[in-house]
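Engineer:
Numbering (the numbering used here), first residue to last: 1436 to 1857.
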């Protein structure tokens, strides 16, 4: 019988901020979205205060101050690095790991119960990750991915579980399913749950007992598969290799409205550089690029403008220099003076592996001979934490950059930010 575990980091962004700040152990912590706009992560202490996810910070500023809540801007460099360390630790503990998101991973534990009880194995995962990295996790175990996800939900919701729930026994499954609202089932959500509630399915147990064929006719084959998973029939296998991205988008709202074309050129160049770096990290080449700009549609009595333009390359590329040149040409086509731009971005798509493409018969290959080596050197420097190399088109001052007034140091990816113990 197959056995899966879902390991989920608790309040991941907030937990990352606490790793190098032991003084925040029991203090409420929130992490903000881009431009310090809304709350996107909350520690359990903040949840207990009734502060909702996604609420704009200005609406709860007084409440945050009154309860001495620690506020942080999103520190993606820190979160990404600690996530990688969590996943590496899981790979050293489990036979097979599928990274599901930045803070979640499925584990294939088939056969582990012959060596060690599954609940004890889950506790060992908890202990190892918190001891080695400092991130608290919950572990849900079940015979299918859907039941493992549900077990993880219970591990988070019911504190008496100690953060580990084993749902491999049918009696435990049915007891938990009877207590769980149908919208908490993986893949259902609140919109679909309203339709299910309209036909009398309000709990996960009622969904489990529904007729799969009838549900397929009324809803979809996906929901039928969910029912089979709730009944212990494994329909979702482990993905040993993460699927290749189909597109890469790099976009940000500006910290200040952009009215000058030169500042917009710098912003677009920065987004291209970041997108190209991600593309090379995927070991892919892109044949198409799109640039878009827009004003805010929510500012009253202000003219609105939004536009985009795209291009294709004669052969797929991953060279930042060529992409910046193409992006700035596209920007020239869509730029209009007299507007207060709130956001811009670039999108790369139509990806190819290296050498797996048809060269144009008449134009040949326009790829620079030094492209791979040159880009590799730039990426190596920028990822070393010892310095940063950028192109002149990206600018220096970056007054348009998003607001990050509460940004913590990049403790693990920048040498100058490494904590000093005295």
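Beta carbons are placed, not taken as given, at the ideal position from N, Cα and C, and that holds for glycine.
On a CA-only basis, which of 1577, 1734, 1560 and 1752 is nearest residue 1710? Give me that one, please.
Structural biologist: When only C-alpha atoms are compared, the closest one is 1752.
Engineer: What first and last residue would you give for the alpha helix (DSSP H) that runs through residue 1538?
Structural biologist: Segment: none, residue 1538 is in no alpha helix (DSSP H) and carries neither H nor E.
Engineer: Roughly how far, in whole angstroms, is the beta-carbon of residue 1579 from the beta-carbon of residue 1439, given that I think they are within contact range, below 8 Å?
Structural biologist: Rounded, the Cβ-Cβ distance is 7 Å, consistent with contact.
Engineer: Between the Cα of residue 1485 and the Cα atoms of 1589, 1471, 1502 and 1470, which residue gives the shortest distance?
Structural biologist: Of the candidates 1589, 1471, 1502 and 1470, the one whose C-alpha sits nearest the C-alpha of residue 1485 is 1502.
Engineer: Find the nearest neighbour of residue 1477 within the set 1493, 1451 and 1614, judged by alpha-carbon distance.
Structural biologist: Residue 1477 has its Cα closest to that of 1451, out of 1493, 1451 and 1614.
Engineer: Do residue 1454 and residue 1465 have their CB atoms nearer than 9 Å?
Structural biologist: Contact: no.
Engineer: For residue 1512 and residue 1782, what's the separation of their Cα atoms in angstroms?
Structural biologist: Their backbone Cα atoms lie some 21 Å apart in a straight line.
Engineer: Based on the DSSP output, what are the partners of residue 1572 in its beta bridges?
Structural biologist: For residue 1572, which the question treats as bridged, DSSP gives the partners 1444.
Engineer: On the DSSP bridge list, what partners appear for residue 1754?
Structural biologist: According to DSSP, which records beta bridges pairwise, residue 1754 is partnered with nothing at all.
Engineer: Could you have a look at residue 1730 and say whether DSSP puts it in helix, strand or coil?
Structural biologist: It is a strand residue.
Engineer: Residue 1689 and residue 1470 - do their beta-carbons sit closer together than 9 Å?
Structural biologist: Yes, they are a contact pair.
Engineer: Whole angstroms is fine: what's the gap from residue 1765's alpha carbon to residue 1824's?
Structural biologist: Going from the Cα of residue 1765 to the Cα of residue 1824 covers about 24 Å.
Engineer: Let me know if residue 1463 comes out buried or exposed under the rule of 16 or more other beta-carbons within 10 Å of its beta-carbon.
Structural biologist: With 16 or more Cβ atoms within 10 Å of its Cβ, residue 1463 is classed as buried.
Engineer: Can you tell me whether residue 1723 is helix, strand or coil according to DSSP?
Structural biologist: If DSSP states are grouped into helix, strand and coil, residue 1723 belongs with the strands.
Engineer: Report the residue ranges of all alpha helix (DSSP H) runs contained in full by the stretch 1635-1660; include only those spanning at least 4 residues, in chain order.
Structural biologist: With a minimum length of 4 residues, the continuous alpha helix (DSSP H) runs that stay inside the stretch 1635-1660 are 1639-1643 and 1647-1653.
Engineer: Quick test of your reading: residue 1746 and residue 1724, contact by CB under 8 Å. State the CB separation rounded to the nearest angstrom.
Structural biologist: Sure, about 6 Å apart at Cβ, within 8 Å.
Engineer: Using only CA atoms, which one of 1607, 1630, 1673 and 1840 lies nearest to residue 1666?
Structural biologist: When only C-alpha atoms are compared, the closest one is 1607.
Engineer: Quick check on the DSSP output: what are the complete beta strand (DSSP E) runs of length 3 or more inside the stretch 1676-1719, in order along the chain?
Structural biologist: DSSP runs (the beta strand (DSSP E)) wholly in the stretch 1676-1719: 1682-1693.
Engineer: Run through DSSP, which three-state label would residue 1785 get?
Structural biologist: Strand at residue 1785.
Engineer: Is there contact between the stretch 1732-1747 and the stretch 1651-1659, where contact requires at least three CB pairs shorter than 8 Å?
Structural biologist: Counting Cβ pairs under 8 Å, fewer than three are found: no touch.
Engineer: Rounded to the nearest angstrom, how far is the Cβ of residue 1581 from that of residue 1661, given a contact under 8 Å?
Structural biologist: Indeed they touch by this definition, with Cβ atoms about 6 Å apart.
Engineer: Terminal residues of the continuous alpha helix (DSSP H) containing residue 1493?
Structural biologist: Start and end: 1492-1501.
Engineer: Compute the beta-carbon to beta-carbon distance between residue 1557 and residue 1574, rounded to the nearest angstrom, for a pair I have assumed lies under 8 Å.
Structural biologist: Yes, they are in contact, since the Cβ atoms of residue 1557 and residue 1574 sit about 4 Å apart, within 8 Å.
Engineer: Per DSSP, what kind of secondary structure is residue 1451 in: helix, strand or coil?
Structural biologist: Helix at residue 1451.
Engineer: To the nearest angstrom, how far is the alpha carbon of residue 1651 from that of residue 1542?
Structural biologist: So the two alpha carbons sit approximately 29 Å from each other.
Engineer: Can you give me the C-alpha to C-alpha distance between residue 1664 and residue 1446, rounded to a whole angstrom?
Structural biologist: About 27 Å.
Engineer: Just tell me which of 1836, 1468 and 1775 has its CA closest to the CA of residue 1735.
Structural biologist: Looking at the Cα atoms, 1775 is the closest of the given residues.
Engineer: Quick check on the burial criterion: 16 or more other C-beta atoms within 10 angstroms. Buried or exposed for residue 1829?
Structural biologist: That one is buried.
Engineer: Any idea which residues DSSP pairs residue 1587 with across the strands?
Structural biologist: The partner list for residue 1587 (beta bridge, DSSP) is empty, contrary to what the question assumes.
Engineer: Residue 1634 and residue 1704 - do their beta-carbons sit closer together than 9 Å?
Structural biologist: No, they are not a contact pair.
Engineer: Residue 1588 and residue 1507 - do their beta-carbons sit closer together than 9 Å?
Structural biologist: Their beta carbons are not under 9 Å apart, which means residue 1507 does not touch residue 1588 by this criterion.
Engineer: Which two residues bound the contiguous alpha helix (DSSP H) that contains residue 1808?
Structural biologist: Segment 1806-1817, the alpha helix (DSSP H) holding residue 1808.
Engineer: For residue 1612, report the span of its alpha helix (DSSP H) as first-last.
Structural biologist: Run containing residue 1612: 1605-1614, per the alpha helix (DSSP H) assignment.
Engineer: Between which two residues does the beta strand (DSSP E) containing residue 1601 stretch?
Structural biologist: Element bounds for residue 1601: 1599-1601.
Engineer: Going straight from the alpha carbon of residue 1853 to that of residue 1839, what length do you get?
Structural biologist: Distance between the alpha carbons of residue 1853 and residue 1839 is about 20 Å.
Engineer: So, at 8 Å on beta carbons, what are the nonlocal neighbours of residue 1468 in its own chain, with the 5 sequence-adjacent residues on each side left out?
Structural biologist: Within the same chain, residue 1468 has close Cβ partners 1474, 1475 and 1509.
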